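So the structure is just underneath, and the comments pick up after that.
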């Protein structure tokens, strides 16, 4: 049977968010080789809950805009000032539900949940990575000497393994904006978080070193969770 080459993902689709953050689609290797349609659908699945979670942010922006209108109107002869007051008060009233009392414990619980999810993801990632390395190690081109058909299939399998490895490494990219957001939320809760720099993991690095670094990152994340207040 001829070897069918796996496509290499040219680019992960993303959406630019407020503040410069970026939402990226995840490469879900549990469903088989990723493709553009699957990654796009994954990004759409992330988008709906994200927009819901940004409701309070939009309300804050609305308050800022209403305050700007109020300040702009607070100039002689002040004729427009009374008209802006209901808008400011209404926007602030909408915002009250976003700032309930005793919010800090809930923020800590959220941070723990997100970091545990990342640990689970990295554990799955490590399993996939170790499986690919084992597969690469079993490809023996010398076994195809004198058999050009088998040689072509083994070379194809070798390229597929490399493309799969490169695609797998791309799936780490969406973790960076998640870590930045978690660090910001930790700051709001008065907690300083030291999280791994996932941008350092890229294609072309020594595979065994990547595995060692990722295992160290998982251990560091577990320590962060253990050190968070209960």
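Residue numbers (my numbering): 14 to 243. Glycine included, every Cβ here is placed at the ideal spot set by N, Cα and C. No experiment lies behind these values; they were computed from the predicted model shown.
If you draw a straight line from the alpha carbon of residue 63 to that of residue 88, how long is it in whole angstroms?
Taking the straight line joining both Cα atoms gives about 39 Å.
Just to confirm before moving on: does the CB-CB distance between residue 108 and residue 73 stay below 8 Å?
Yes, the Cβ-Cβ distance between residue 108 and residue 73 is below 8 Å.
Give the DSSP bridge partners of residue 28, in chain order.
DSSP lists 36 as partners of residue 28.
In chain order, what residues of the same chain have a beta carbon less than 6 Å from the beta carbon of residue 211, not counting five sequence neighbours either side?
Excluding positions up to five away in sequence, the list reads 185, 188, 189.
Can the beta-carbon of residue 61 be found less than 8 Å from the beta-carbon of residue 193?
Contact flag unset, no.
Hey, residue 94 and residue 86: beta-carbon distance below 8 Å or not?
Contact: yes.
Could you tell me whether the stretch 175-185 touches the stretch 137-145, where touching means 3 or more Cβ pairs closer than 8 Å?
Yes: at least three Cβ pairs fall under 8 Å.
Do you know offhand how far residue 16's Cα is from residue 140's?
Those two C-alpha atoms are separated by around 24 Å.
Leaving out the 5 sequence neighbours to the left and right, which residues in its chain are closer than 6 Å to residue 117 when beta-carbon positions are compared?
Excluding sequence neighbours, residue 117 sits near 202.
Should residue 171 and residue 152 be called a contact, given that it needs their Cβ atoms to be closer than 8 Å?
Yes. Within cutoff.
With a CB to CB cut of under 7 Å and the five nearest residues on each side skipped, what residues in its chain are close to residue 224?
Once the five neighbours on either side are set aside, the close Cβ partners of residue 224 are 139, 142, 143.
Using the Cα positions of residue 53 and residue 59, report the straight-line distance between them to the nearest angstrom.
About 10 Å.
Hey, residue 214 and residue 232 are a contact pair by Cβ (cut 8 Å); roughly how many whole angstroms apart?
At roughly 16 Å, the Cβ-Cβ gap does not stay under 8 Å, so residue 214 and residue 232 are not in contact.
Checking 8 Å against the spacing of the C-beta atoms, do residue 127 and residue 235 come in under that value?
Not closer than 8 Å, so no.
Output the boundary residues of the alpha helix (DSSP H) element that contains residue 41.
Here residue 41 belongs to no alpha helix (DSSP H), and DSSP marks it neither H nor E.
Please report the distance separating the alpha-carbon of residue 237 from that of residue 122.
If you take the alpha carbons of residue 237 and residue 122, they lie about 13 Å apart.
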